Structures are given as C-alpha cells and as structure tokens.
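Undergrad: This structure is in structure tokens; I'll ask about it shortly.
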C-alpha cells in the first residue's frame, strides 16, 4: 500500500521568486562596491591643533585660529574668553595604520584612517593622558573631507585643552 501525503508544499509565485533574486542581486552589487569606495582614499593629510581655552581673556580669537572662529563662538564654548594655539602639527595618515602625534602638553593623539571617498572620511581618534598609559577619549567619526573635528576636555593650566583635527583625503 502506497502512502501519499495530502498536504502540498507551498511554492511562491514565480514573480515573487524573480523579485527576490533581483533584490538579492542589488544587495550583492552594493556590498561588492563598498570595498572599492572605501579604497578610494588610502591616505589623508591632517592638520592637528592643540588649543588652550581659558575663562580669562578679551574673547578675541587669534588669526592662527580663525578657521575655528565659528566653532569657538558656539554656545558650548561661551564660558571661555581666552584662546591660544599651543602647537600645530602636520601628519599623514594611511589606511588602517595607526599614527601618533606627541604634543608638548604631554598628550598623544592617535589617528587611523578607516576609509573614505571623494566627499567623506572615516577616522578613529584616540587621545591619551600625559603619561601615555591611559586613553582619555577614543572615538570613530565620519566627516566631510576638509572638515574640522573637535576633541577635547582635559584640564590644562587652569583651563581646558581642545584638539582640532582637519584632514583632507589624498586620492590614488
């Protein structure tokens, strides 16, 4: 005696299978294109600025910090009236290669280029304390090519330190 099943297996209509295949192909195309976009920028030239913020001062921003004027006039910095550039460094960072910059304040700023394209860069930044044995801040951010990222907070000589990071991608 032969047993037969009375239940039929559900089979979706053909148009559903086709649209699923088209959707899968689109996802695979995007995933395949991502490494090419990320590989577009292999290096970036970065200007690093260590800025001392104090509550004493006349509120004027020195010419060497004019590129930060809009940010320093923002409400988050309203308590500070003194702005002084302590040090400026130029570094080149390479894709997935940590680069450290040591400042006279004793702090080390580590940068790693994680990727980017013609318009935006992805960077990891890590600021260590003066002895270098502890990370104060570590963050990963995406920013417009040539944009300024502010990293700060540590106390310094009666005020606060602010690190301004501006990077421009180098193609090819």
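Residue numbers (my numbering): 2 to 173. Cβ coordinates follow ideal geometry from the N, Cα and C atoms, glycine included. Source: prediction; values computed, not measured.
Cβ atoms of residue 138 and residue 152: under 8 Å apart, would you say?
TA: Position 151 of the chain shown, counted from the start, is the residue given in the question as residue 152. Position 137 of the chain shown, counted from the start, is the residue given in the question as residue 138. In this structure, residue 138 lies closer than 8 Å to residue 152 by Cβ.
Undergrad: With three or more C-beta pairs closer than 8 Å as the rule, is the region 95 to 113 touching the region 47 to 57?
TA: As far as the Cβ criterion goes, the region 47 to 57 touches the region 95 to 113, which means the pair count is three or higher.
Undergrad: Can you round the beta-carbon distance between residue 45 and residue 94 to whole angstroms, since I take them to be within the 8 Å contact cut?
TA: Working through the chain shown from its first residue, we reach residue 45 at position 44. Working through the chain shown from its first residue, we reach residue 94 at position 93. With a Cβ gap of about 5 Å, residue 45 and residue 94 count as contacting.
Undergrad: Rounded to whole angstroms, what's the CA-CA distance from residue 147 to residue 165? Just pull it up for me.
TA: Taking the first residue of the chain shown as 1, we reach residue 147 at position 146. Taking the first residue of the chain shown as 1, we reach residue 165 at position 164. In a straight line, the C-alpha of residue 147 is about 12 Å away from that of residue 165.
Undergrad: Given a threshold of 16 other Cβ atoms within 10 Å of its Cβ, counted over all protein chains shown, does residue 102 qualify as buried or as exposed?
TA: Position 101 of the chain shown, counting from 1, holds the residue named residue 102. By the neighbour-count rule (16 or more Cβ atoms within 10 Å), residue 102 is buried.
Undergrad: Taking residue 130 as the reference, give the member of 140, 156, 92 and 149 with the closest Cα.
TA: As a first step, residue 130 is located in the chain shown; it is residue number 129 there, counting from the start. The shortest C-alpha separation from residue 130 is found at 156.
Undergrad: For residue 119, count the other beta carbons within 10 Å of its own beta carbon; 16 or more makes it buried, fewer makes it exposed. Which is it?
TA: What you label residue 119 is simply residue 118 of the chain shown in a count that begins at 1. Exposed, by the Cβ-count rule.
Undergrad: Nearest CA to the CA of residue 83: which residue from 47, 170, 63 and 75?
TA: Translated into the one-based positions of the chain shown, residue 83 becomes position 82. When only C-alpha atoms are compared, the closest one is 63.
Undergrad: Can you tell me the Cβ-Cβ gap for residue 176 and residue 48, rounded? I've got them flagged as a contact below 8 Å.
TA: An answer regarding residue 176 cannot be provided, because it is not within the stretch 2 to 173 covered by the chain.
Undergrad: Can you check the region 54 to 121 for any alpha helix (DSSP H) of at least 4 residues that lies completely inside it and give the ranges in chain order?
TA: Counting whole runs of 4 or more residues, the region 54 to 121 contains the alpha helix (DSSP H) stretches 70 to 73.
Undergrad: Measure the beta-carbon distance from residue 113 to residue 125 and round it to whole angstroms, keeping in mind my assumption that it falls under 8 Å.
TA: Along the chain shown, one-based indexing puts residue 113 at 112. Along the chain shown, one-based indexing puts residue 125 at 124. With a Cβ gap of about 4 Å, residue 113 and residue 125 count as contacting.
Undergrad: Give me the Cα-Cα distance between residue 88 and residue 128, rounded to the nearest whole angstrom.
TA: Taking the first residue of the chain shown as 1, we reach residue 88 at position 87. Taking the first residue of the chain shown as 1, we reach residue 128 at position 127. Whole-angstrom Cα-Cα distance: 15 Å.
Undergrad: Leaving out the 5 sequence neighbours to the left and right, which residues in its chain are closer than 6 Å to residue 141 when beta-carbon positions are compared?
TA: Position 140 of the chain shown, counted from the first residue, corresponds to residue 141. The answer, listed in chain order, is 125.
Undergrad: Pull up the DSSP beta-bridge partners for residue 145, would you.
TA: The residue labelled residue 145 in the question sits at position 144 within the chain shown. Bridge partners of residue 145: 121.
Undergrad: Residue 48 bridges to which residues according to DSSP?
TA: Position 47 of the chain shown, counted from the first residue, corresponds to residue 48. According to DSSP, residue 48 bridges with 91 and 167.
Undergrad: Within 10 angstroms of its Cβ, does residue 170 collect 16 or more other Cβ (buried), or is it exposed?
TA: The residue given as residue 170 occupies position 169 in the chain shown. Buried, since its Cβ has 16 or more Cβ neighbours within 10 Å.
Undergrad: Quick one: grab the DSSP three-state call for residue 172.
TA: One-based indexing of the chain shown puts residue 172 at position 171. In the structure shown, residue 172 sits in a strand (DSSP, three-state: E or B).
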